[in-house]
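Novice: Residue numbers (the working numbering): 288 to 711.
Using N, Cα and C, we set each Cβ at its ideal position, and we do this for glycine too.
Before I ask anything, let me first share the structure, which is written out below as structure tokens.
So, in structure tokens, the structure goes:
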């Protein structure tokens, strides 16, 4: 597959495919070092590597910049800041351990992702779609931006949970088509297998626990407003804890301070070891707040001593280049061809693949036709070496603007699925 595309272009246009069949037995035998495939450099490398503004041709215009702390990278010792000017321009800058300032190219923003708890890249023109699958994670040590599907609530960003929004067509009793949506909760285990474990009407928030499982908070439709549970990161099984809002989590002590979904909104302390709760006291609030302050924020903040000087002009700093690469999570054999895929997942016994990548690697063709008078106004036709298939509303599903279909449909086009390997 031709990987030389602009960052985010695939995120905006990638289609996805569903593959069914009993032959898809998870077989995680792909080397971990093959997770990322280099693509391109995101910014033009400046000959200067020191970051000294004097070594870069200065621009004529001086701006009044405002600086705000973003995050501190413990691996490299870099302190990252967001810089904005009155003219609605912005840059991401950082101070290296030697005391030199650097900037990223205009339009490239590095910030801290609170769910993934890692730096990520956004680009002004090619941002990832909201509620989509893909995120671009930045590694300051390697100066690489790796676009892929990442997960929260697990031991690292490669394992845990991810929810994506689905759009799909259905028919009512009168045969009329309509479009509806929900969220798929995806789990990637240590074996590398990704599967849908639940359909939920609302987003979830995950917090990694010391035992490797995830503390999950989600909106509860029948018992408004929230439900707290624990989800096993190996099996996907959920254990209900309480219908309540989470106020504080003492990870070391194994305790939760919660507000119950009851009249008067009473507070309680929930002990995870014995699944018991008791009314919270003022002393409990003080203890939990003290623990929270001691643990600090999940965002590692720069040292206040590294605040950029008021006269600093980010547009004059040396630009740090970023090498972009795509993450490879799955390798499959489809229609006799070996394909490398950025993503796939199992759903109710079937495995779902990205159509766009199959178009590029397996010879699948997709035709989209606008249909007047129908909700959604679009129909799809798949074409392979042995024929074409017009998709019906029950054949396909949309996830974050991406198309999924079943392997029975794929097989009818002459592209049977012969095997899948999951990268652990």
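From the DSSP output, read off the bridge partner residues of residue 397.
Specialist: 408
Novice: Using DSSP with H/G/I as helix, E/B as strand and the rest coil, what is residue 695?
Specialist: helix
Novice: With H, G and I counted as helix, E and B as strand and the rest as coil, what does DSSP make of residue 596?
Specialist: Of the three classes helix, strand and coil, the one that applies to residue 596 here is coil, per DSSP.
Novice: Roughly how far, in whole angstroms, is the beta-carbon of residue 380 from the beta-carbon of residue 604, given that I think they are within contact range, below 8 Å?
Specialist: 6 Å
Novice: Judging by CA-CA distance, which residue of 359, 657, 655, 606 is the nearest neighbour of residue 391?
Specialist: 606
Novice: What does a CB cutoff of less than 8 Å around residue 665 pick up in its chain, not counting 5 residues either side in sequence?
Specialist: 655, 656, 657, 658
Novice: Quick one: measure Cβ to Cβ for residue 495 and residue 440, integer angstroms, because I've assumed they're closer than 8 Å.
Specialist: Indeed they touch by this definition, with Cβ atoms about 5 Å apart.
Novice: Per DSSP, which residues does residue 468 bridge with? Please list them.
Specialist: 454
Novice: Nearest to residue 382 by alpha carbon, out of 425, 368, 372, 393?
Specialist: Out of 425, 368, 372, 393, 368 has the C-alpha closest to the C-alpha of residue 382.
Novice: Give every residue of the same chain whose Cβ lies closer than 7 Å to the Cβ of residue 506, excluding the five residues on either side of it in the sequence, and list them in chain order.
Specialist: Only residues of its own chain outside the window of five on either side were considered, and among them 489, 512, 513 have a CB closer than 7 Å to the CB of residue 506, listed in chain order.
Novice: Please determine, among 684, 699, 683, the residue with the shortest C-alpha to C-alpha distance to residue 676.
Specialist: 699
Novice: Buried or exposed for residue 476, going by 16 or more other Cβ atoms inside 10 Å?
Specialist: Around the beta carbon of residue 476, a 10 Å sphere encloses 16 or more other beta carbons of the protein chains shown; the residue is thus reported as buried.
Novice: Using three-state DSSP, classify residue 438 as helix, strand or coil.
Specialist: coil
Novice: What would DSSP say about residue 445, mapped onto helix, strand or coil?
Specialist: coil
Novice: Is it buried or exposed for residue 710, if we count other Cβ within 10 angstroms and need 16 for buried?
Specialist: Residue 710 comes out buried.
Novice: Out of 612, 679, 602, 692, which one is the CA nearest neighbour of residue 352?
Specialist: 602
Novice: Cα-Cα, which of 394, 521, 517 is closest to residue 557?
Specialist: 517
Novice: With distance defined between alpha-carbon atoms, name the residue in 358, 457, 525, 510 nearest to residue 550.
Specialist: 510
Novice: Would you call residue 619 buried or exposed, if buried means 16 or more other Cβ atoms sit within 10 Å of its Cβ?
Specialist: buried
Novice: Could you pull the DSSP bridge partners for residue 684 from this structure?
Specialist: 691
Novice: Taking residue 450 and residue 467 to be in contact with their CB atoms under 8 Å, please state how far apart those CB atoms are, rounded to whole angstroms.
Specialist: Their Cβ separation, rounded to whole angstroms, is 16 Å, which puts residue 450 and residue 467 out of contact at 8 Å.
Novice: How is residue 602 classed by DSSP in three states: helix, strand or coil?
Specialist: helix
Novice: With 16 as the cutoff for other CB atoms within 10 Å, does residue 582 come out buried or exposed?
Specialist: In the assembly as shown, residue 582 is an exposed residue. Its beta-carbon has fewer than 16 other beta-carbons within 10 Å.
Novice: Using the Cα positions of residue 563 and residue 424, report the straight-line distance between them to the nearest angstrom.
Specialist: 39 Å
Novice: Could you say which of 350, 493, 622 lies nearest to residue 694 if we only look at CA atoms?
Specialist: Among 350, 493, 622, the Cα nearest to that of residue 694 belongs to 622.
Novice: Within the same chain, show all residues whose beta-carbon is closer than 6 Å to that of residue 374, passing over the 5 residues directly before and after it, in chain order.
Specialist: Excluding sequence neighbours, residue 374 sits near nothing in its chain.
Novice: Suppose contacts are defined by Cβ-Cβ distances below 8 Å. Is residue 712 in contact with residue 548 by that definition?
Specialist: No statement about residue 712 is possible, as the shown extent of the chain runs from 288 to 711 and does not include it.
Novice: Residue 472 and residue 448: beta carbons closer than 8 Å?
Specialist: yes
Novice: Closest to residue 638 by C-alpha separation, out of 483, 437, 403, would be which residue?
Specialist: 483
Novice: Where DSSP assigns a beta bridge to residue 677, which residues make up the other side?
Specialist: 668
Novice: If you drop the 5 nearest sequence neighbours on each side, which residues of the same chain put their C-beta closer than 7 Å to that of residue 680?
Specialist: 456, 457, 458, 464
Novice: Determine the DSSP secondary structure at residue 490, reduced to helix, strand or coil.
Specialist: coil
Novice: Rounding to the nearest angstrom, what Cα-Cα distance links residue 715 and residue 526 in this structure?
Specialist: The shown model of the chain, from 288 to 711, leaves out residue 715, and the question about it has no answer.
Novice: I need the DSSP call for residue 614, collapsed to helix, strand or coil.
Specialist: strand
Novice: For residue 484, would you say it is in contact with chain B, using Cβ-to-Cβ distances shorter than 8 Å as the test?
Specialist: Reference to chain B is not applicable here, since this structure consists of a single protein chain.
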